[in-house]
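One point on numbering: in the numbering used here, the residue at position 26 of the sequence shown is 83, and numbering is uninterrupted.
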Amino acid sequence: MAAELEFSQLDVAAEYIEQRCEQLVSRELIIPLVKDGEMYEITRWGLAYLRGDLDAGHLRVWS
Numbered sequence: 058m059a060a061e062l063e064f065s066q067l068d069v070a071a072e073y074i075e076q077r078c079e080q081l082v083s084r085e086l087i088i089p090l091v092k093d094g095e096m097y098e099i100t101r102w103g104l105a106y107l108r109g110d111l112d113a114g115h116l117r118v119w120s
């Protein structure tokens, strides 16, 4: 993921992006397309949250 041009221009470590993705997976906002992969899909919960239709208080607690 961090090898993509758009991501390489960000001033953030690849490890931080991976950590945030793991947190989003634990809250069921995104899911990996393949096991241990670097590509994710936004879930229905994730889309609802982005639209403002879902209160974050209804999501699973951060682990």
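Yeah, the Cβ is synthetic: ideal placement off N, Cα and C, and Gly gets one too.
Status (buried if at least 16 other CB within 10 Å, exposed otherwise) for residue i
| i | result |
| --- | --- |
| Y106 | buried |
| L90 | exposed |
| L67 | exposed |
Reference residue i, options the options, closest by Cα
| i | options | result |
| --- | --- | --- |
| H115 | L67, C78, Q76, E85 | E85 |
For residue i, three-class secondary structure by DSSP
| i | result |
| --- | --- |
| E79 | helix |
| E98 | strand |
Presumed contact (8 Å Cβ cut-off) between residue i and residue j, rounded CB distance
| i | j | result |
| --- | --- | --- |
| I87 | G103 | 6 Å |
Same chain, Cβ closer than 7 Å to residue i, neighbours up to 5 away in sequence not counted
| i | result |
| --- | --- |
| C78 | I87, Y97 |
Contacts around residue i, its chain only, beta-carbon distance under 8 Å, and the 5 residues preceding and following it disregarded
| i | result |
| --- | --- |
| L81 | I87, Y97, G103 |
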